[in-house]
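There are 2 protein chains.
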Amino acid sequence: MKHAPLVEQLIQAFTCLPGVGPRSAQRMAYALLDRGRDEGRRLADALHGAMDGVEHCQRCRNYAEAELCPICSDPRREPGLVCIVSSPTDVLAFEQSGEFRGQYFVLMGELSPLDGIGPRELGLDVLEQRLREGQIQELILATGTTVEGEATAHYVLDLAQDAGVSVSRIAQGVPMGGDLEFVDGATLAQALRGRRPFQS
Amino acid sequence: MKHAPLVEQLIQAFTCLPGVGPRSAQRMAYALLDRGRDEGRRLADALHGAMDGVEHCQRCRNYAEAELCPICSDPRREPGLVCIVSSPTDVLAFEQSGEFRGQYFVLMGELSPLDGIGPRELGLDVLEQRLREGQIQELILATGTTVEGEATAHYVLDLAQDAGVSVSRIAQGVPMGGDLEFVDGATLAQALRGRRPFQS
Numbered sequence: 001m002k003h004a005p006l007v008e009q010l011i012q013a014f015t016c017l018p019g020v021g022p023r024s025a026q027r028m029a030y031a032l033l034d035r036g037r038d039e040g041r042r043l044a045d046a047l048h049g050a051m052d053g054v055e056h057c058q059r060c061r062n063y064a065e066a067e068l069c070p071i072c073s074d075p076r077r078e079p080g081l082v083c084i085v086s087s088p089t090d091v092l093a094f095e096q097s098g099e100f101r102g103q104y105f106v107l108m109g110e111l112s113p114l115d116g117i118g119p120r121e122l123g124l125d126v127l128e129q130r131l132r133e134g135q136i137q138e139l140i141l142a143t144g145t146t147v148e149g150e151a152t153a154h155y156v157l158d159l160a161q162d163a164g165v166s167v168s169r170i171a172q173g174v175p176m177g178g179d180l181e182f183v184d185g186a187t188l189a190q191a192l193r194g195r196r197p198f199q200s
Numbered sequence: 001m002k003h004a005p006l007v008e009q010l011i012q013a014f015t016c017l018p019g020v021g022p023r024s025a026q027r028m029a030y031a032l033l034d035r036g037r038d039e040g041r042r043l044a045d046a047l048h049g050a051m052d053g054v055e056h057c058q059r060c061r062n063y064a065e066a067e068l069c070p071i072c073s074d075p076r077r078e079p080g081l082v083c084i085v086s087s088p089t090d091v092l093a094f095e096q097s098g099e100f101r102g103q104y105f106v107l108m109g110e111l112s113p114l115d116g117i118g119p120r121e122l123g124l125d126v127l128e129q130r131l132r133e134g135q136i137q138e139l140i141l142a143t144g145t146t147v148e149g150e151a152t153a154h155y156v157l158d159l160a161q162d163a164g165v166s167v168s169r170i171a172q173g174v175p176m177g178g179d180l181e182f183v184d185g186a187t188l189a190q191a192l193r194g195r196r197p198f199q200s
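Protein chains in written order, with the UniProt record's numbering: chain A, 1 to 200; chain B, 1 to 200.
1. Which residues, in chain order, does the segment 10-25 of chain A contribute to contact with chain B at a C-beta distance below 9 Å?
2. For chain A, check one thing: does any of its Cβ atoms lie closer than 8 Å to the Cβ of B/Pro75?
3. Span of the beta strand (DSSP E) holding A/Ser168?
4. Counting only Cβ pairs nearer than 8 Å, list the residues of chain B close to A/Glu65.
5. Along chain B, in chain order, which residues have C-beta atoms closer than 9 Å to that of A/Thr89?
6. What residues in its chain sit with their C-beta under 6 Å from that of B/Val183, if we drop five residues either side in the sequence?
7. B/Ala64 by DSSP, collapsed to three states: which one?
8. Using the beta-carbon count (16 or more within 10 Å), is residue 223 of chain A buried or exposed?
9. According to the Cβ coordinates, are A/Val7 and B/Val54 closer than 8 Å?
10. Suppose only complete runs of 4+ residues qualify. What are the alpha helix (DSSP H) ranges in the UniProt domain "Toprim" (80-175) of chain A, listed by chain order?
11. So B/Leu33 and A/Phe14 are supposed to be a Cβ contact under 8 Å. How far apart are they, rounded?
12. With 16 other CB atoms within 10 Å as the buried threshold, where does A/Ile71 fall?
13. Return no unless some Cβ of chain B is closer than 8 Å to the Cβ of A/Met176.
14. Would B/Asn62 and B/Pro79 be called neighbours here (beta carbons separated by less than 8 Å)?
15. Check whether the Cβ atoms of residue 203 of chain B and A/Ala46 lie closer than 8 Å to each other.
16. For a quick check, are the C-beta atoms of A/Ser86 and A/Glu67 less than 8 Å apart?
17. Checking 8 Å against the spacing of the C-beta atoms, do A/Gln172 and A/Thr152 come in under that value?
18. Tell me, to the nearest whole angstrom, how far the beta carbon of A/Ala142 is from that of A/Ile170; I am working on the premise that it is less than 8 Å.
19. Do three or more CB pairs link the segment 129-141 of chain B to the segment 158-168 of chain B at distances below 8 Å?
20. Compare the Cα-Cα distances from A/Cys69 to each of A/Tyr104, A/Glu99 and A/Gln135 and report the closest residue.
21. Report the partner residues of A/His56 according to the DSSP bridge assignment.
22. Could you give the residue range of the alpha helix (DSSP H) that holds B/Gly185?
In structure tokens:
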């Protein structure tokens, strides 16, 4: 006997969260029991709501509660410009930059045949279909720079070229405001290769 | 627009947990949405179960699902020896030591008049009643060594003396296996004052 069974179950359940070990889980359970029962109930309701109510957008595969996500159903976004990203958090990062007025296609992963993640798992058949429909004029690749990200980017490039759609890739180089001494060699090499004429 | 509303609600709800800021909350929400919907539902059920089903033991005030907690209803525990602790986690710490075969009284806090925590809030009227009933032979004080812990210890001492029950306090000194250089001065001073004859 350590905890009351319901408390033990709650602690166990908390450990399913990323970065939460047995000790943090215990702290969370006791914090809610001690002085946050209403917050605990709200969290439970929010969990049920999201686990059951959040699906994927039919168009871009991002999380959505309706058939289309808010971005895909926004008439002010250009449907001809589509940015390919690996995950919903990448969409958030772009949205926070405020720079992009096109739409997204969210792969929800990257090609990794050994883990059983092939083109179908990433919805690339859906993308292929959309490319063939002719509404997309430019595809912007923004997948990661890992081996899987590169493989995915090349697969998408092939699809786009087959459909006659032009493809670009977001620039790789040194981050804004960063100190050069903290930039890794691979990034610096890429920044050198991608150098552009300097204009006043 | 940042997240889908249900996702936003879930992220918000996660920030009620101790040590969870907006970024960890987002990571948790996406982790469950991406590949842990069943775990998310289990966590929701565990939360509802614990928030609604966990009450306080009528005897020791620790968390319990029935009228008595497992320790108070265990006939092998000595009812004459009662250890006074501030919180349920203190009970766990003692139980893990495997040293204590008596029962507990869990204050669920410490005296702090400025925060509106007086003797009644800590159930000290219940303790007083139990001390008068005559079943308790020794009270072991194990409240914290803060100002509030000390004040609480002295209040309980008074109650016990009024009822003619003997009171002891757990030893304060250097922790086992600890290096002296990492022990604070107040603890060392206490360890010196509490020195005992050394026996072979």
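The C-beta atom is built at its ideal place from N, Cα and C for all residues, glycine as well.
A quick look at the data gives this:
1. Leu10, Ile11, Gln12, Ala13, Phe14, Cys16, Leu17, Pro18, Gly19, Val20 and Ser24
2. no
3. Ser166 to Arg169
4. Ala4, Pro5 and Leu6
5. Gln26, Arg27 and Tyr30
6. Val174
7. strand
8. Residue numbering for chain A in the displayed model covers 1 to 200; residue 223 of chain A lies beyond these limits and cannot be assessed.
9. Taking 8 Å as the Cβ cut-off, A/Val7 and B/Val54 qualify as a contacting pair.
10. 88-97, 124-133 and 147-162
11. That pair is no contact at about 17 Å.
12. buried
13. no
14. no
15. Because chain B here runs from 1 to 200, residue 203 of chain B falls outside it and cannot be looked at.
16. no
17. no
18. 5 Å
19. yes
20. A/Tyr104
21. A/Tyr63
22. Gly185 to Arg193
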